[in-house]
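Heads up: the structure comes next, in structure tokens.
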Amino acid sequence: MRYLGSFFILIVLACFIGGWYEKQAHHPYRLDYRRAVINLPITYTKYLHNDTYALGEKYLAEDLAAELKKHGIDTILYTFEDSLSNRNFNEGWEIFMRSGPELRLDKYHNYADEDRIAVLFETIPYELNIVKNADIVLTGSLKKNKLYREMGINSHFLPQFTRTDKFYPDRKDELKRQVLFVANQWPDFPVRKTVQYAKETGMQIDVFGDNWTNVLVDDAASWWKARQIPNDQLKYFYSSADIVLNDTRPDMIEAGFISNRIFDATACGTLVISDYMPEIEEIYGDAVPMYKNAEEFKHLIEFYLSHPEERKRKALKAQKITLEKFSADKVIGHMTDILRNYIYEKGLD
2 MRYLGSFFIL IVLACFIGGW YEKQAHHPYR LDYRRAVINL PITYTKYLHN DTYALGEKYL
62 AEDLAAELKK HGIDTILYTF EDSLSNRNFN EGWEIFMRSG PELRLDKYHN YADEDRIAVL
122 FETIPYELNI VKNADIVLTG SLKKNKLYRE MGINSHFLPQ FTRTDKFYPD RKDELKRQVL
182 FVANQWPDFP VRKTVQYAKE TGMQIDVFGD NWTNVLVDDA ASWWKARQIP NDQLKYFYSS
242 ADIVLNDTRP DMIEAGFISN RIFDATACGT LVISDYMPEI EEIYGDAVPM YKNAEEFKHL
302 IEFYLSHPEE RKRKALKAQK ITLEKFSADK VIGHMTDILR NYIYEKGLD
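Going letter by letter, the sequence shown gives residues 2 to 350 in my numbering.
Printed below as a string of structure tokens:
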């Protein structure tokens, strides 16, 4: 009888092991929903570790990964090189930022594990044929979110954010300047309004960013200071300026996406002057002064440079709004709730 019991246990164990191997044969890479990968529109992995590679999305992705880790999702960054070489093994979440032509989500579950979840983190407008095939869409536009949900897309509003451990007031006297603009000139786009209006009105500004050599010429050549500010140094520059300027890509304005620069610079307690967007006005009211043309651009800069107390009052008002609504902990906390609710509803947890 004792031997019969032992024999029975061996049979049960063999069945269990056999079932496990059969499951592994169909699912060789067990997906882990405590892990995520962020795919970036960068060609080669070496650029991820190159501090001179000027791409704002890389820094936003680094911040997103850091915050997701704090909320229990271990997250790494991949480039096209990584994705196309099939290095995504068992991450349960695949997050896409600014998709390129390599992304074809209509075929996603044909080549990815059936239960891997495709998440679009939309900070500029995606093409609809990509959006509609994502498992989850996280969009920074209230306007787009409303449209997507009306179309039956699993969309959620998720604004961009700022890391309060990275962007906070820290003024350096040696970096003091009156008017600061940190941005790249976009290829195939008109000259950014900030620079165009400054040139038209003779308002001298200090510019940091890429692709300015053919734009800032003649009398404006001295405005360009450097190709890039290291991301971990940016708070010192924002904090030390009297005014930080912002402008927004035309397609982002149309779609209702607010630039991350607004959140980072206001978190540093500096006055931001921006081009007009109703979405910014709805959030910040008059705490972020906005211009619609070159004349208003000049007036706002001259007024706030000559009224430091009013400048400080507006800056502190905007900072309070940013810290209350757009801190990374708050925004990414909401994001992780969305992700975890999804796998719970799908029975994947």
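Each residue gets a CB set at the ideal place from its N, CA and C atoms; glycine is no exception.
No experiment lies behind these values; they were computed from the predicted model shown.
- Rounded to whole angstroms, the separation of the alpha carbons of residue 159 and residue 246 is 24 Å.
- Residue 226 and residue 273 have their C-alpha atoms roughly 20 Å apart.
- With a beta-carbon spacing of about 19 Å, residue 149 and residue 94 fall beyond the 8 Å limit used to define contacts.
- Less than 7 Å separates the beta-carbon of residue 116 from that of residue 349.
- Assignment of residue 284 by DSSP, reduced to helix, strand and coil, places it in the helix class.
- The stretch 163-175 makes contact with the stretch 222-237: 3 or more CB pairs, one atom from each, lie closer than 8 Å.
- Taking residue 60 as the centre and dropping the five residues before and after it, the same chain places the C-beta of 232 closer than 8 Å to its C-beta, in chain order.
- Rounded to the nearest whole angstrom, the CA to CA distance from residue 76 to residue 309 is 43 Å.
- Per DSSP, the beta bridge partners of residue 247 are 275.
- Taking a contact to require three or more Cβ pairs closer than 8 Å, the stretch 136-156 and the stretch 200-219 do not qualify as touching.
- The C-alpha of residue 201 is placed about 42 Å away from the C-alpha of residue 68.
- In the DSSP assignment, residue 236 falls within the unbroken alpha helix (DSSP H) covering 235-241.
- For residue 157, same chain residues with a beta-carbon under 6 Å away, outside a window of 5 residues either side, are 139, 339 in chain order.
- Runs of alpha helix (DSSP H) with 4 or more residues, each lying fully within the stretch 118-185, are found at 129-132, 143-151, listed in chain order.
- A residue is called buried when at least 16 other Cβ atoms come within 10 angstroms of its Cβ; residue 280 meets this threshold and is buried.
- Nearest in C-alpha terms to residue 278, of all of 307, 36, 257, is 257.
- Within the DSSP bridge table, the entry for residue 207 names 181 as partners.
- CA-CA distance, residue 284 to residue 31, rounds to 43 Å.
- For residue 161, the closest of 197, 344, 342, 334 by C-alpha to C-alpha distance is 334.
- Between residue 288 and residue 322, the beta carbon gap of about 6 Å places them in contact (Cβ cut-off 8 Å).
- For residue 312, the uninterrupted alpha helix (DSSP H) segment begins and ends at 309-326.
- Here the stretch 187-199 makes contact with the stretch 207-217; the two share three or more CB pairs at distances below 8 Å.
- Inter-residue distance for residue 50 and residue 80 is about 11 Å (C-alpha atoms, whole angstroms).
- Beta-bridge annotation (DSSP): residue 38 is paired with 77, 95.
- Bridge partners of residue 227 according to DSSP: 209.
- Separation of the CB atoms of residue 180 and residue 302 is rounded to 6 Å, and the pair is thereby assigned contact status at 8 Å.
- Across the structure, residue 97 and residue 129 are spaced so that their CA atoms are roughly 15 Å apart.
- In terms of Cβ geometry, residue 239 and residue 214 do not form a close pair [threshold 7 Å].
- In this structure, DSSP gives residue 198 a helical state, which the three-state scheme calls helix.
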